[in-house]
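Those protein sequence lines, which keep their order, are chains A and B. Under the numbering used here, the letters of the first sequence match residues 463 to 1010, in that order. Under the numbering used here, the letters of the second sequence match residues 19 to 108, in that order. Only one structure is covered here, and it is reproduced in the block below.
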Amino acid sequence: MSRSCSRAGTLGAAAAGSLEARWTFAERRRRYGVATVAAPAPSTRAPSFALPSTTGGSVGLDDLVSGGPALLVFASEECPTCALALRRLAPIVAPLHDAGVRLAVVFEDPLDVAARVARDTRFKGTVLAEPAPYDTSRAYGLDTLPATFLLDRDGAVAGTAVGWDAAALSGLVGEACAAVGARPPEITGEPPRTKPGCAAKSTYDEEMLALIESAGAADEMEDMFERGWSDGLPVVPPTRSRVDAMLAGRDPRRSLGDVPPGMGEATLERVAACAVLAGCRPEYFPVVVAAVEAALEEAFNLNGQAVTTQPAGQLVIVGGPVAEAIGVHSGMGVLGPGWRANLTIGRALRLVVTLTGGGAPGRLDRSTLGHPGKLGFCIAEDEAGSPWEPLHVERGFARDDSVVTVVGCDAPLSISDHRATTPEELAHVLGWAGAATWSPNWWPLGGTSVYVICPEHQAMFGAAGWSRQRLREAMFDAVRKPARDLRLGETTPQVHAADPDSLITKWDSPDDIVLLAAGGEAGRYSAVLGPCLGMNSQMVSREVAWST
Amino acid sequence: MEYVSPFDERRRAPEPLASRRDTLEGACVALLDITKRRGDEFLDRIEERLREHGADTFRVVKEIFSKPAEPELIRRIANRGDLAVEGLAD
Chain A
463 MSRSCSRAGT LGAAAAGSLE ARWTFAERRR RYGVATVAAP APSTRAPSFA
513 LPSTTGGSVG LDDLVSGGPA LLVFASEECP TCALALRRLA PIVAPLHDAG
563 VRLAVVFEDP LDVAARVARD TRFKGTVLAE PAPYDTSRAY GLDTLPATFL
613 LDRDGAVAGT AVGWDAAALS GLVGEACAAV GARPPEITGE PPRTKPGCAA
663 KSTYDEEMLA LIESAGAADE MEDMFERGWS DGLPVVPPTR SRVDAMLAGR
713 DPRRSLGDVP PGMGEATLER VAACAVLAGC RPEYFPVVVA AVEAALEEAF
763 NLNGQAVTTQ PAGQLVIVGG PVAEAIGVHS GMGVLGPGWR ANLTIGRALR
813 LVVTLTGGGA PGRLDRSTLG HPGKLGFCIA EDEAGSPWEP LHVERGFARD
863 DSVVTVVGCD APLSISDHRA TTPEELAHVL GWAGAATWSP NWWPLGGTSV
913 YVICPEHQAM FGAAGWSRQR LREAMFDAVR KPARDLRLGE TTPQVHAADP
963 DSLITKWDSP DDIVLLAAGG EAGRYSAVLG PCLGMNSQMV SREVAWST
Chain B
19 MEYVSPFDER RRAPEPLASR RDTLEGACVA LLDITKRRGD EFLDRIEERL
69 REHGADTFRV VKEIFSKPAE PELIRRIANR GDLAVEGLAD
């Protein structure tokens, strides 16, 4: 097993040119004379191993051959021939399995990388991982990847194939199937029939490994994109030390539940990884955890929100002392850029949904347009400046409780009003701005409208002594139309059933209007957020496990 | 560099596919209405066509279209039906 190609082409682009010139495998061997172990001779017992599997636990040689012969492929992430081999072996995994022949791959990579490459190549056989120092690869005397060993039911080596060699691999498959009296599945005859492999990492000297590591580090951000650990923006790589700092001693295995739509399990460690990726500081983590817990409650129906063609994002509203303590912004530009805690806490929740939960846009997330808030959507209320009690108090918590509330909603629609002179007038304007949300003729809405009321608008209501409830009722009463004027396009069954002259309201009840107090002190711009409808999705609040 | 994956890397064993039928004649077909608007109209027409081909049919209805089907409903489809057709969207 000596045929190999340079691995330099798989390194970071900046380093590849110089490394290719300096570090071809042959050159490295000439310089360093790296010792390799002789491959196990035919008919001798193959070296034993026990390696972690992507399905959990470890798998050893005896496990592989317990039911019959096995094919053991060694591969690595960076080797294009390995990817070709796995893609082409993928279709025969199931027929071989049915015949009693196990097909396994050992990656010279960490387990998560092995799982990703297997997923990308649609390889559904046994996937094992062996990071450095590659003792198993060395024991099998590898020079080149991919390398395939046919192991008989006694665990002895019955044949080998190196690189992509369709004829040789067909021979191994044929021998394996003959041993169990099964008809061998065909390996594709599509060209190339042969393709040289790459040098096994187990043959690298320490200097070479260090070079690869540093080249990889230079491209760490790109690596995150390649792994799919992103929402389209650069992320902070979730190194072990960063994730441990985020966890701050919490049990990494504690489960918050399965995340729809793909039902990946939200262990605290994975949630912490998402928080790191999002750019959270460790002190934000209790809020992220509470937001995930709230979003996973049945009443929130995250499954529906995650897969719908609607634009639904998940707005996180942080209330109580934790908001100010960790810097969740409630003032100028609250719905826009510039506020790390807001942007990264909201983003962490979205990454839990899209990565851990598998709700990636264009895949399980079928949103027709999406909206910018689906990157991350989080605000606090201006509890000190507001004339009203904060939302969490209205929802039954104490003012000093720290609470996260999540609600599914569309993007904000700005409402300019610099002319109203009475609270009645302003309530009318705010209410009618919400009239066109979802669809102009969809009355009653059948869901929740979230309003963000700016300080100057708050002040008008505060000066007049209007409570939240009074404002809600005034907005509700202001927005009515005869059924006949709502019978164009998308209309509700209530509109169809109503007498043409009867008045229909935009909401079923004033309680469908949620009012938040936030924004910059100057400028009379409030906003209404479109709803997430048709899935009985409720607003959910959850206390944050946090203390000063 | 060791990274902590945000993905749940556990692999689930693929569910085996039921055997395929060559003909609709005599087949019992579940028609799953997920309660999306006009899904029932779509299934009415499919039902007509299936019956023209000699299939028998029965309806099952999800409580709400935006949540996964209840296991009991899936069991009913599997126990009684040879095939299933889902009226997916509006």
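C-beta: ideal position from N, C-alpha, C; glycine also. Note that the structure is a prediction, hence the values are computed from the model and not measured.
Q: Scan the region 803–816 of chain A for residues whose Cβ lies nearer than 8 angstroms to a Cβ of chain B and list them as they occur along the chain.
A: L813, V814
**Q.** F25(B) at chain A interface by Cβ criterion, 7 angstroms
**A.** yes
Q.
Please report the straight-line C-alpha distance between E952(A) and V778(A), rounded to a whole angstrom.
A. 30 angstroms
Q: Give the single residue among H559(A), G800(A), M686(A) whose Cα lies nearest to the Cα of C736(A).
A: M686(A)
Q. Using a C-beta to C-beta distance shorter than 9 angstroms, which residues of chain A count as neighbours of S84(B)?
A. N763, N765, G766, Q767, V769, T770, G996, M997, N998, S999
Q: Please name the residues in the region 713–735 of chain A whose beta-carbon is closer than 9 angstroms to at least one beta-carbon of chain B, in chain order.
A: P714, D720, V721, P722, P723, G724, M725, G726, E727, A728, T729, E731, R732, V733, A734, A735
Q. Taking the C-alpha atoms as reference points, what is the distance between A945(A) and G992(A)?
A. 22 angstroms
(Q) Please state whether the Cβ-Cβ distance between V563(A) and G530(A) is less than 7 angstroms. (A) yes
Q) Over what stretch of residues does the beta strand (DSSP E) that includes F611(A) continue unbroken? A) 609–613
Q. Less than 7 angstroms separating the beta-carbons of A897(A) and L933(A)?
A. no
Q. Going by other Cβ atoms of all chains shown within 10 Å of its Cβ, with 16 needed for buried, is N763(A) buried or exposed?
A. buried
Q. What number of angstroms, rounded off, separates the C-alpha of F487(A) from the C-alpha of P572(A)?
A. The pLDDT assigned to F487(A) is 38, lower than 50, so where the model puts this residue is not dependable; a value taken from the coordinates is nonetheless given after this. Approximately 22 angstroms, taken between the alpha carbons.
(Q) For T883(A), list the residues DSSP reports as bridge partners. (A) Answer is none; T883(A) lacks a bridge partner.
Q) Alpha carbon to alpha carbon, how far is M708(A) from I92(B)? A) 40 angstroms
Q. For F611(A), which option in A740(A), E731(A), T954(A), G633(A) has the closest C-alpha, if you only look at C-alpha atoms?
A. G633(A)
Q. Listed in chain order, which residues of the region 697–712 of chain A have Cβ atoms closer than 8 angstroms to some Cβ of chain B?
A. P699, P700, T701, R702, V705
(Q) I'd like to know if the region 685–701 of chain A and the region 731–750 of chain A are in contact, where contact means that at least 3 CB-CB pairs between them fall below 8 angstroms. (A) yes
Q.
Going by C-alpha to C-alpha distance, which of A566(A), G824(A), T517(A), A630(A) sits closest to A537(A)?
A. A566(A)
(Q) Please report the distance separating the alpha-carbon of E65(B) from that of K80(B). (A) 18 angstroms
Q. DSSP on C840(A), reduced to helix/strand/coil?
A. strand
(Q) Looking at G587(A): is its Cβ nearer than 7 angstroms to the Cβ of V635(A)? (A) no
Q: Note down, in chain order, each residue of its chain lying with its Cβ closer than 6 angstroms to the Cβ of A36(B), except the 5 sequence neighbours on either side.
A: none
Q | As assigned by DSSP and simplified to three states, the class of C871(A) | A | strand
Q: Compute the beta-carbon to beta-carbon distance between Y746(A) and I807(A), rounded to the nearest angstrom, for a pair I have assumed lies under 8 angstroms.
A: 5 angstroms
Q. For W905(A), which residues in chain B fall below 8 angstroms Cβ to Cβ?
A. Those do not exist, as W905(A) stays about 17 angstroms from chain B at its closest Cβ, beyond 8 angstroms.
Q.
Using a 10 Å radius around the Cβ and a threshold of 16 neighbouring Cβ atoms, would you call E20(B) buried or exposed?
A. exposed
Q) Using a beta-carbon distance below 7 angstroms, is A960(A) in contact with chain B? A) no
Q: Flag D560(A) as yes if its beta-carbon sits less than 7 angstroms from any beta-carbon of chain B, otherwise no.
A: no
Q: Measure the CB-CB distance between D506(A) and L548(A) and report whether it falls below 7 angstroms.
A: The displayed chain sequence assigns Thr, not Asp, to residue 506(A). Cβ atoms of T506(A) and L548(A): not closer than 7 angstroms.
Q: Grab the span of the alpha helix (DSSP H) containing L551(A) for me, first residue to last.
A: 542–561
Q) Looking at C-alpha atoms only, which residue of G781(A), N765(A), A629(A), D693(A) is the closest neighbour of V855(A)? A) G781(A)
Q.
Taking its Cβ as the centre, do 16 or more other Cβ atoms sit within 10 Å of L607(A), making it buried, or is it exposed?
A. buried
**Q.** Nearest-angstrom Cα separation, counted from R715(A) out to E727(A)
**A.** 10 angstroms
Q. Taking DSSP as the reference, what is the three-state secondary structure of Y602(A)?
A. coil
Q) Between the C-alpha atoms of G775(A) and P723(A), what's the straight-line distance to the nearest angstrom? A) 14 angstroms
Q) Using DSSP with H/G/I as helix, E/B as strand and the rest coil, what is P748(A)? A) helix
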